[in-house]
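Colleague: Residue numbers (this note's numbering), protein chains in the order written: chain V, 5 to 159; chain P, 5 to 159. Idealized CB from N, CA, C, for every residue including glycine. Note that the structure is predicted; figures quoted are calculated from it, not measured.
Number of protein chains: 2
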Amino acid sequence: MARPTKKAKAEALTELLLTMFRANNLTLAWGDRLVSPVGLTSARWQILGAIVLVDRPQPVAWLARDLGANRQNVQRIINDLKKDELVSFEPNPHHKRAQLVVLTPKGQQTYEAAINLYSPLVEALAEDFSAEDIGAAQRVLSALRTKLETLAADG
Amino acid sequence: MARPTKKAKAEALTELLLTMFRANNLTLAWGDRLVSPVGLTSARWQILGAIVLVDRPQPVAWLARDLGANRQNVQRIINDLKKDELVSFEPNPHHKRAQLVVLTPKGQQTYEAAINLYSPLVEALAEDFSAEDIGAAQRVLSALRTKLETLAADG
DNA sequence: CGTATATTGACATTATCATGTCAAATATGG
DNA sequence: CCATATTTGACATGATAATGTCAATATACG
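#1: Is there a C-beta anywhere in chain V that falls below 9 Å from the one on D137/P?
#2: Which bits of chain V does Q142/P rub up against, with CB to CB less than 8 Å?
#3: Using a Cβ-Cβ cut-off of 7 Å (strictly less than) and excluding sequence neighbours within five positions of A54/V, which residues of its own chain qualify?
#4: Assuming T23/P and R149/V form a contact by the criterion Cβ under 8 Å, report the distance between their Cβ atoms to the nearest whole angstrom.
#5: Which residues of chain V have a Cβ atom closer than 8 Å to the Cβ of D132/P, listed in chain order?
#6: At what residues does the alpha helix (DSSP H) containing R149/P begin and finish?
#7: Buried or exposed for T154/P, going by 16 or more other Cβ atoms inside 10 Å?
#8: Applying a beta-carbon distance threshold of less than 9 Å, which residues of chain P neighbour E127/V?
#9: Does at least one heavy atom of the ligand NAP sit under 8 Å from the Cβ of T45/P?
#10: Any beta-carbon of chain V closer than 9 Å to the one on L30/P?
#11: Quick check: is the beta carbon of W66/P nearer than 9 Å to any beta carbon in chain V?
#12: At least one CB of chain V closer than 9 Å to the CB of R80/P: is that the case?
#13: Does W34/V come within less than 9 Å of chain P when only Cβ atoms are used?
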């Protein structure tokens, strides 16, 4: 049959989800190895990235929401980052307890070093794919994300 | 410029990876909620699926390799599944210690119940995507997986 | 057969994640 | 202003995952 049936599409999506689980874990492991020379892990790197990406410094709970992650785990990792002097807290004029998280110079250097390790490799990796396929994959996964976020919120 | 530059593709891939992290976590959480009525979790469900998919019963270590997961964690989960009488061990003619993992009738029923919960939802979810986009996403992620598996093995 | 190597399950340890609770601080609605 | 609900960081606890080690077993190779 030319037109894909409902079931065929559902099976394809199932296969995609299983592939995503694998690719996700492999990517995290790859990231761990990649940035370990600068003392980071995938998790710490992601959190540094979240801090860099926001326009203005935010408290931990906001960063956690941005990341779609657990507030408590983000807190723990950011506390670790503070011990390593990669981030520091600065007073929040709007909230006495919820301090703002900012990168220290060391934190900025570390993040840049991670990016410098990452950039050439992701460029090489991207060579293997067409821009169209990457775009299609992005469409599917971000739509999936939106859908599941809605489901998680409502129901 | 019409032709996507190296950097543009690399940025698109980076964005895709970040989306994948989110979609992966949301999918696992969704799966946890989905199959919790039958006493499963995403992790237990995946392992049951691996047991079902293989033609012939396999020992724990082989299943772990199939899943690309930790041998020890799979062992722990399968031990839990045995306590719940969803799987049982049967003697392996080729190996005295490495027993073969098989589903019990209760395990089969539970797995089928999970599938019955899952099927209509994944069909509904698949409606939102074109078969072409799903295929493209599958191509990208499985190529990514292959690439990273190679890197992990060599490097 | 005999030896070296690899595999496997059991066990222990540590790290990471998930979840709930609490008090302080803030925001909201009268 | 007051009462209530929400947010936030701190803390505790249990679940899950990652990593290393060990003895038993199996495999490969002379």
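Modeller: In terms of the structure at hand:
#1: yes
#2: A16, E19, L20, T23
#3: L67, D70, L71
#4: 6 Å
#5: A147, K151
#6: 135-158
#7: exposed
#8: K10, K11, K13, A14, L17
#9: Among the components of this structure there are no ligands whatsoever, and the ligand NAP is therefore not found.
#10: yes
#11: no
#12: no
#13: yes
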